[in-house]
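Those protein sequences? They're chains A, Y, D, G, U and B, same order as listed. Its first residue numbered 1, the first sequence is counted upward by one per residue in the UniProt record's numbering. Its first residue numbered 1, the second sequence is counted upward by one per residue in the UniProt record's numbering. Its first residue numbered 1, the third sequence is counted upward by one per residue in the UniProt record's numbering. Its first residue numbered 1, the fourth sequence is counted upward by one per residue in the UniProt record's numbering. Its first residue numbered 1, the fifth sequence is counted upward by one per residue in the UniProt record's numbering. Its first residue numbered 1, the sixth sequence is counted upward by one per residue in the UniProt record's numbering. Every residue gets a Cβ at the ideal spot worked out from N, C-alpha and C, and that includes glycine. Read the structure below first, then the notes.
There are 6 protein chains.
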Amino acid sequence: MPPAGELRDQSPSKNNNTQSSDTQSADAAAAAAAAISAAAADAEAAGLWTQIKAEARRDAEAEPALASYLYSTILSHSSLERSISFHLGNKLCSSTLLSTLLYDLFLNTFTSDPSLRNATVADLRAARVRDPACISFSHCLLNYKGFLAIQAHRVSHKLWTQTRKPLALALHSRISDVFAVDIHPAAKIGKGILLDHATGVVIGETAVIGNNVSILHHVTLGGTGKACGDRHPKIGDGCLIGAGATILGNVKIGAGAKVGAGSVVLIDVPPRGTAVGNPARLVGGKEKPTSLEEECPGESMDHTSFISEWSDYII
Amino acid sequence: MPPAGELRDQSPSKNNNTQSSDTQSADAAAAAAAAISAAAADAEAAGLWTQIKAEARRDAEAEPALASYLYSTILSHSSLERSISFHLGNKLCSSTLLSTLLYDLFLNTFTSDPSLRNATVADLRAARVRDPACISFSHCLLNYKGFLAIQAHRVSHKLWTQTRKPLALALHSRISDVFAVDIHPAAKIGKGILLDHATGVVIGETAVIGNNVSILHHVTLGGTGKACGDRHPKIGDGCLIGAGATILGNVKIGAGAKVGAGSVVLIDVPPRGTAVGNPARLVGGKEKPTSLEEECPGESMDHTSFISEWSDYII
Amino acid sequence: MPPAGELRDQSPSKNNNTQSSDTQSADAAAAAAAAISAAAADAEAAGLWTQIKAEARRDAEAEPALASYLYSTILSHSSLERSISFHLGNKLCSSTLLSTLLYDLFLNTFTSDPSLRNATVADLRAARVRDPACISFSHCLLNYKGFLAIQAHRVSHKLWTQTRKPLALALHSRISDVFAVDIHPAAKIGKGILLDHATGVVIGETAVIGNNVSILHHVTLGGTGKACGDRHPKIGDGCLIGAGATILGNVKIGAGAKVGAGSVVLIDVPPRGTAVGNPARLVGGKEKPTSLEEECPGESMDHTSFISEWSDYII
Amino acid sequence: MPPAGELRDQSPSKNNNTQSSDTQSADAAAAAAAAISAAAADAEAAGLWTQIKAEARRDAEAEPALASYLYSTILSHSSLERSISFHLGNKLCSSTLLSTLLYDLFLNTFTSDPSLRNATVADLRAARVRDPACISFSHCLLNYKGFLAIQAHRVSHKLWTQTRKPLALALHSRISDVFAVDIHPAAKIGKGILLDHATGVVIGETAVIGNNVSILHHVTLGGTGKACGDRHPKIGDGCLIGAGATILGNVKIGAGAKVGAGSVVLIDVPPRGTAVGNPARLVGGKEKPTSLEEECPGESMDHTSFISEWSDYII
Amino acid sequence: MPPAGELRDQSPSKNNNTQSSDTQSADAAAAAAAAISAAAADAEAAGLWTQIKAEARRDAEAEPALASYLYSTILSHSSLERSISFHLGNKLCSSTLLSTLLYDLFLNTFTSDPSLRNATVADLRAARVRDPACISFSHCLLNYKGFLAIQAHRVSHKLWTQTRKPLALALHSRISDVFAVDIHPAAKIGKGILLDHATGVVIGETAVIGNNVSILHHVTLGGTGKACGDRHPKIGDGCLIGAGATILGNVKIGAGAKVGAGSVVLIDVPPRGTAVGNPARLVGGKEKPTSLEEECPGESMDHTSFISEWSDYII
Amino acid sequence: MPPAGELRDQSPSKNNNTQSSDTQSADAAAAAAAAISAAAADAEAAGLWTQIKAEARRDAEAEPALASYLYSTILSHSSLERSISFHLGNKLCSSTLLSTLLYDLFLNTFTSDPSLRNATVADLRAARVRDPACISFSHCLLNYKGFLAIQAHRVSHKLWTQTRKPLALALHSRISDVFAVDIHPAAKIGKGILLDHATGVVIGETAVIGNNVSILHHVTLGGTGKACGDRHPKIGDGCLIGAGATILGNVKIGAGAKVGAGSVVLIDVPPRGTAVGNPARLVGGKEKPTSLEEECPGESMDHTSFISEWSDYII
């Protein structure tokens with residue numbers, strides 16, 4: 001497969017944040033920029049956290065029955081990281097993996113790596129902007145299993161890269177039990193991700209997902225056999241993967257591409273192409289694929305714009 | 001979309017109970033009829049509850065290891081509403097949403113609105129009649145996650161209509177976590193509903209489901225993008241939606257229609273029509289769609305009668 | 001349907017263990033062989049258990065944060081059966097079905113029937129060999145919801161055959177809640193089974209699954225209506241059923257056959273045949289179906305080898 | 001019922017507590033008085049509840065870490081009875097006696113008998129007035145194990161009188177486990193009671209305690225052997241029983257009497273008398289007992305006023 | 001101190017079972033007698049268990065709200081040992097010592113040593129006969145914290161003698177937390193013991209208690225300093241120790257002696273003597289101690305018969 | 001009362017650490033000394049922690065059934081503060097005060113004030129040295145309710161001084177429920193404290209306890225009425241207070257004094273004096289009190305050395 005960079009080069013997304021900045025040459029200018037960027041990220045996170053607390057305070061006042069929940073999960077905490085760590089610790093704990101242990105693990109990991117917090121912020125914005133059913137940031141923070149699964153995955157991925165594999169896998173297992181979202185700790189996932197509804201999502205070990213991608217429930221990014229090695233899909237920036245789509249093997253879904261609901265995709269999809277059906281076909285055909293006009297279907301979330309071209313096939 | 005009434009007018013179902021009687025003119029005759037109907041509903045619920053307790057008592061005697069479970073969930077309670085409220089409170093609680101709070105919420109809601117209880121009774125009968133694996137009412141009451149998710153949804157829907165949205169959404173989140181059934185609190189659902197197996201069902205915010213509908217697991221009634229407004233399917237009375245079917249957008253599935261397992265439906269299906277495949281086609285073709293002879297596939301649960309016509313396509 | 005034996009006779013698998021040895025004539029030679037076989041099985045289980053403990057000890061030393069979990073679930077136990085009983089008891093318990101009750105139930109059942117233990121061993125080996133993401137036996141034992149769901153199912157199946165149906169169904173319900181894996185207690189399942197990822201798997205009451213079968217997540221082995229009786233698929237030895245495949249009705253998937261991801265299968269698939277698509281077609285066509293060269297796709301796990309023949313249809 | 005004063009005037013009478021007014025002739029005048037009294041009690045309870053909520057709201061604002069606790073126990077409830085029922089249900093529950101069951105039991109009992117609520121109000125006032133360490137009503141409601149144990153006892157006593165003895169005893173056992181306060185369900189206890197610190201208090205089956213009594217921790221009102229029948233102390237109105245005092249047998253502690261800390265009392269103490277020591281002696285001697293000037297030591301809480309007379313004995 | 005045997009030789013009790021039979025010469029006659037005795041003990045335990053189940057069944061029928069509790073703790077179990085192990089496992093567990101682990105530990109220990117079961121039977125009978133407030137065996141089994149603490153102590157004592165000291169001490173800690181009964185695992189306790197009310201009982205490391213002893217709450221059998229070695233009281237068979245009595249040091253309380261409530265005893269008490277007061281005096285004086293006429297005050301439970309002689313001192 | 005300093009000036013203890021160093025003049029020499037002292041304290045704590053981990057590791061290896069407990073409470077933590085915070089959080093949590101919240105509170109408080117950690121170290125050493133039943137530091141850390149109650153008290157005391165009174169009182173309530181140890185958050189307690197057995201200890205709001213004090217179970221340091229203000233005992237350094245002793249009022253127990261078990265003390269006890277009995281008398285009489293030869297009875301723990309002088313009174 002091409003390096004992750006190639007996928008990203010074609011990305012039509014504007015928020016083209018690279019996933020791993022550690023390979024860049026870090027000259028002085030870059031360092032300065034990074035500092036500015038870090039400060040901006042901190043400010044953005046702080047602003048968002050202020051807004052989340054305001055939402056929660058409003059809801060607590062309007063609904064005393066929920067106030068205890070809102071105080072324990074949001075209003076009693078001093079930062080977004082603490083709130084999420086508390087919430088995930090309580091959701092993912094079991095009788096053999098205690099909430100205090102998980103809380104500690106989440107809090108330490110979030111605190112030690114600000115990029116996780118920045119990704120969280122981007123994910124919250126993604127849900128709020130893209131999902132019309134998302135009525136507030138606090139709603140996403142508390143109730144979206146896809147959002148929560150992604151945040152927990154980021155921690156398990158961090159543990160995986162620190163060669164703390166057994167702990168990463170135990171966490172992976174809890175995420176799969178509790179949220180029915182199964183993301184291998186090794187999978188690399190960008191930011192600004194929306195896992196909408198999320199139940200049944202399966203993402204394999206060597207999968208890579210770019211930034212600003214939207215993935216619906218029941219989507220599989222799966223492998224192709226028992227061979228080891230790089231065997232899972234690479235999803236470019238800005239893609240939209242419809243509900244129940246199954247993408248198998250080390251195939252490349254180009255940046256800004258769209259995969260229709262229920263599609264089964266076994267071969268590459270070009271950037272800004274649309275694949276639909278089982279087996280999936282390119283709308284417009286292999287020879288003259290229709291290139292999407294929209295820049296980023298992962299953000300526009302238009303699931304059915306291809307109907308006009310596809311309607312011949314149905315009903 | 002057409003008013004809900006239109007969908008229902010075409011309904012072939014015999015138990016054509018309207019979902020929302022509040023639009024009817026309530027003259028004296030209607031009031032008298034309602035009183036009689038209410039009494040009949042109470043009597044039916046009481047009879048069913050007697051039967052459920054008898055089943056549970058029989059099972060408790062035969063299986064002492066289960067007796068504690070049966071007493072705590074059924075035999076210690078004085079009514080069906082109390083039993084369900086207790087069972088849901090204990091299933092849906094978390095460390096931050098206590099069982100006592102949820103129990104109170106369920107019990108108050110069920111008690112304040114008898115139509116919820118009547119719908120519960122119809123759902124219990126639906127499972128008992130339509131699912132050959134359902135060996136008793138108590139089995140459904142205790143163990144069917146689809147049944148339990150629907151009952152909890154009715155409470156969250158009630159809260160939603162009372163503009164207690166944050167509480168409705170918190171409950172929604174717990175239902176999705178615990179049962180892997182994701183029904184937006186705003187979705188309108190009739191009675192006599194069977195969510196068979198239920199895992200992975202997703203029903204969006206503006207979806208409407210008539211009466212006597214059967215929906216298998218992994219079914220999606222999804223939206224089509226990030227635009228707000230009416231954007232989810234309307235399912236007529238008596239429909240049968242097969243496992244894994246994906247229906248997207250504000251499309252109308254006519255009363256008594258059937259959608260095959262794994263189908264992807266993006267356009268209306270006429271009443272008593274059958275849509276199969278990905279993309280879905282009408283059995284008999286768009287021009288001469290074969291109208292189902294059966295009155296109500298949602299009740300007859302015949303998933304594969306269309307094979308004779310569809311078998312050309314397969315194997 | 002044909003007797004279970006017929007399915008198995010065509011099995012290409014080498015580990016052709018029969019599912020139910022109780023119908024065999026048990027003459028002296030057979031008894032001797034059984035004794036030898038039992039001793040061998042005991043030795044194999046003991047060896048595997050030793051290895052699992054060694055893995056857990058290594059991980060506990062490397063990762064103190066996980067040591068408590070590893071000791072409570074594995075290292076404090078004297079046998080594989082005790083470890084699994086403890087782990088399942090703690091995972092499947094609820095406020096109304098206590099962990100001690102379930103632990104007792106699991107332990108008594110595993111202890112009373114060594115064939116369950118042998119199947120557990122075969123399943124552990126299946127996951128370890130077939131899933132490249134499975135890095136150790138202990139990883140599978142602790143974290144694979146498919147593995148755990150199958151073991152719990154075997155206990156509920158045993159209870160079912162002992163006519164302890166209400167208890168079997170209560171357990172079934174817990175498995176479906178906790179793992180999102182819904183296997184009816186009456187379903188007969190062989191050994192050496194891999195339920196990979198497992199979320200959303202539904203297996204109906206009269207389904208039969210041979211040995212050495214691999215089934216991906218979201219697979220449905222469903223019924224075809226509300227008629228009672230034998231109404232679910234029979235899966236031969238060594239089959240591979242891809243993610244999201246839906247197989248409905250009392251159809252026979254021949255030994256060594258392969259069903260592609262997302263396929264909808266309503267008719268028999270011949271041994272070593274490959275069915276793909278919705279509606280499913282036989283690769284090579286009905287007249288000249290391509291027979292797989294591989295002996296046992298359930299073991300080789302090659303999900304996409306048919307692409308070369310199928311690629312015309314896609315993209 | 002006669003005014004409390006009457007009791008006290010006649011005290012130390014045998015069991016002359018007016019605790020159960022149901023045997024009195026309820027003529028019209030009495031009924032009217034009762035109605036007025038009931039309305040006054042309701043108003044007092046409502047006022048107190050308003051104050052408790054105000055206290056809790058103030059504390060929640062000042063201390064976000066505690067807000068979740070305050071909302072769940074106080075601020076989310078619509079009445080004092082609901083708040084106490086919730087709090088006791090959560091404190092006294094166990095893995096085999098669920099919080100929902102206990103909550104239901106408490107709420108039903110409190111609701112069905114307003115005299116329990118009135119006694120609760122009197123107890124709250126008693127703690128607030130008599131204990132300088134009690135800084136608010138909400139502090140007592142949430143944190144005083146003596147107060148909570150008494151309220152739970154009143155429910156278990158009610159169950160006992162309804163011949164629901166096994167349930168009363170199960171509750172008794174939970175109170176003793178959780179609060180280390182052991183009050184037999186049959187014991188009759190007045191109102192305006194302060195169990196200060198409360199750990200280790202033991203009150204036997206046939207004990208009777210009047211109104212406005214203060215009892216410190218480790219106090220025993222015990223029996224004298226294995227004979228059945230009336231065998232425990234009777235404590236008159238307004239008594240003060242010091243820490244660690246042991247009173248054994250069917251002895252009478254007259255109204256307004258005081259028992260010193262650590263005393264062992266086996267014989268009657270006259271009204272307004274003071275008994276101290278082990279074995280206890282009357283201050284002033286048997287012949288000329290010093291009568292307390294204070295009317296109600298149970299309210300004045302003066303533990304050591306007798307030192308001047310007793311000091312000869314010590315140090 | 002004298003050998004335990006000496007204390008027992010003076011025992012007035014009829015059920016003079018020796019505590020540790022392992023020092024006896026086990027010739028053939030003894031073996032035969034032991035077999036007969038074992039069979040008799042089994043029969044007695046079986047009879048008692050039958051009665052307990054009958055009591056629980058009666059209560060479950062009369063009180064559905066309690067039935068779940070009664071089934072889970074008693075009626076679902078096949079033996080007294082299993083019932084107690086389950087009940088203790090659930091009562092003593094914590095988030096770091098799981099109920100399944102404790103259940104296993106209790107069950108294995110009770111099963112491996114029948115003498116524990118025999119002691120349990122004797123304790124149940126002791127409570128039923130001596131405590132007029134004990135209305136049934138099942139009441140004691142479920143609700144008497146003194147009874148439960150003793151049974152759990154016997155297991156911790158067994159672990160201590162097997163040099164599993166850390167586990168014994170962890171169990172000891174849980175007993176002290178949950179029941180407020182603090183018995184060092186090394187303390188040797190006979191059978192037919194009643195710890196009435198039990199809160200606050202403290203029994204030190206080298207204490208020895210004979211058979212048929214009754215001990216009230218707040219009793220201390222304490223040491224005398226920080227020196228190691230034999231430093232705690234030895235309580236002979238049939239003694240009665242009143243509430244709040246404090247006995248310190250390696251003193252001997254002779255068989256059939258009585259210690260009054262609240263007494264502080266620092267010197268030996270002769271067999272059948274009565275010590276009362278702080279500091280304790282012998283009733284009748286050191287020179288002419290009054291010997292109790294009753295054979296076994298631990299069984300007759302007469303706490304105050306000495307009043308006639310002691311009354312001069314009081315009031 | 002005299003300033004705390006006065007009590008301490010008479011202290012016979014060698015480890016005469018002052019309780020509150022904040023009133024001292026902090027000149028440069030003192031600052032240097034403090035830095036050296038802080039470094040020494042850190043080193044001592046680190047050494048003790050190393051020893052505790054070694055003990056726990058040895059126990060985990062010897063007793064696999066306990067290993068999970070030992071890893072979760074001790075071996076998985078990086079410091080003594082973390083271990084205690086985790087252990088207390090899990091012990092003191094309830095359904096309305098979550099373990100994660102308490103863990104956070106404990107950890108933040110311990111981390112922000114090193115003097116708490118130093119006091120913990122002194123308490124561990126006190127238990128290990130003075131209690132012959134304390135076989136290891138880890139035994140005390142995990143299992144001594146008196147030790148744990150004191151540590152939790154120190155945190156609640158810190159909160160109290162920060163005017164976080166409601167939170168301090170909620171914690172106080174949990175300590176009293178869980179450990180049956182009732183220490184008002186305002187009470188000032190030195191270090192090197194042993195609360196042996198601890199059940200039933202009650203320490204009032206204005207009590208002050210010096211350093212190196214040993215207090216047995218059931219001890220009361222109580223007030224004398226409902227007047228506010230300074231009303232509880234002041235216990236000098238090095239005192240020993242025997243089991244069940246009751247000390248009431250703003251009295252001073254001089255440094256190095258001893259109060260016998262079961263004593264009731266209402267008047268000052270001179271330094272190194274011994275008070276015994278109810279009412280308490282000075283051994284040797286008020287005129288010629290026998291001064292103890294031992295420097296620090298709180299450390300020597302000799303409970304009964306006064307018997308020779310007191311034995312006239314008894315038996």
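For the region 237 to 312 of chain Y, list the alpha helix (DSSP H) runs that are entirely contained and at least 4 residues long, ordered along the chain.
With a minimum length of 4 residues, the continuous alpha helix (DSSP H) runs that stay inside the region 237 to 312 of chain Y are 297 to 300, 307 to 310.
Are the CB atoms of residue 241(D) and residue 269(D) nearer to each other than 8 Å?
For residue 241(D) and residue 269(D), no; Cβs fall outside 8 Å.
Among 34(Y), 229(Y), 92(Y), which residue has its Cα nearest to the Cα of residue 178(D)?
The shortest C-alpha separation from residue 178(D) is found at 92(Y).
Report the residue from 192(D), 165(D), 64(D), 228(D) whose alpha carbon sits nearest the alpha carbon of residue 211(D).
Residue 211(D) has its Cα closest to that of 192(D), out of 192(D), 165(D), 64(D), 228(D).
For residue 128(B), I'd like the list of residues in its chain whose CB is within less than 8 Å of its CB, leaving aside the five on either flank, ordered along the chain.
Excluding sequence neighbours, residue 128(B) sits near 134, 136, 137, 140.
Closest to residue 171(B) by CA distance: which of 229(B), 163(B), 185(B), 295(B) is it?
Comparing Cα positions, the closest option is 185(B).
Measuring only the C-alpha atoms, how far is residue 10(B) from residue 233(G)?
The predicted model places residue 10(B) with a pLDDT of 40, which falls under 50 and marks its position as unreliable; any figure quoted below should be read in that light. Answer to the nearest angstrom: the Cα atoms are 46 Å apart.
Among the residues of its own chain, which have a CB less than 7 Å from the CB of residue 107(Y), if the five just before and after it don't count?
For residue 107(Y), where only same-chain residues beyond five positions count, the Cβ hits under 7 Å are 81, 82, 85.
Does the Cβ-Cβ distance between residue 202(A) and residue 222(A) come in under 8 Å?
Yes, the pair counts as a contact, with Cβ atoms nearer than the cut-off.
Any idea which residues DSSP pairs residue 182(A) with across the strands?
According to DSSP, residue 182(A) bridges with 202(A).
When the Cα of residue 283(Y) is compared with those of 158(Y), 32(Y), 304(Y), which residue comes out closest?
Comparing Cα-Cα distances from residue 283(Y) to each of 158(Y), 32(Y), 304(Y), the minimum goes to 304(Y).
Output, in sequence order along the chain, the residues in the UniProt domain "Serine acetyltransferase N-terminal" (48 to 152) of chain Y whose CB is closer than 7 Å to any CB in chain U.
Per Cβ criterion, the list reads 64, 65, 67, 68, 71, 72, 75, 76.
Note down the Cα distance separating residue 104(U) from residue 296(D), rounded to an integer number of angstroms.
In a straight line, the C-alpha of residue 104(U) is about 42 Å away from that of residue 296(D).
Across which residues does DSSP place residue 104(U) in a beta bridge pair?
Per DSSP, none; premise fails for residue 104(U).
Does the Cβ of residue 61(Y) have 16 or more other Cβ atoms within 10 Å, making it buried, or fewer, making it exposed?
It is exposed - the Cβ of residue 61(Y) has fewer than 16 other Cβ atoms within 10 Å.
Pull up the DSSP beta-bridge partners for residue 222(A), would you.
248(A).
At a cut-off of 7 Å, is residue 164(Y) close to the ligand HEM when judged by its beta-carbon and the heavy atoms of the ligand?
Within the structure as shown, the ligand HEM is missing, as the structure has no ligands at all.
What residues in the region 193 to 220 of chain G bring their beta carbon closer than 9 Å to a beta carbon of chain U?
Cβ contacts with chain U come from 199, 200, 201, 202, 204, 205, 218, 220.
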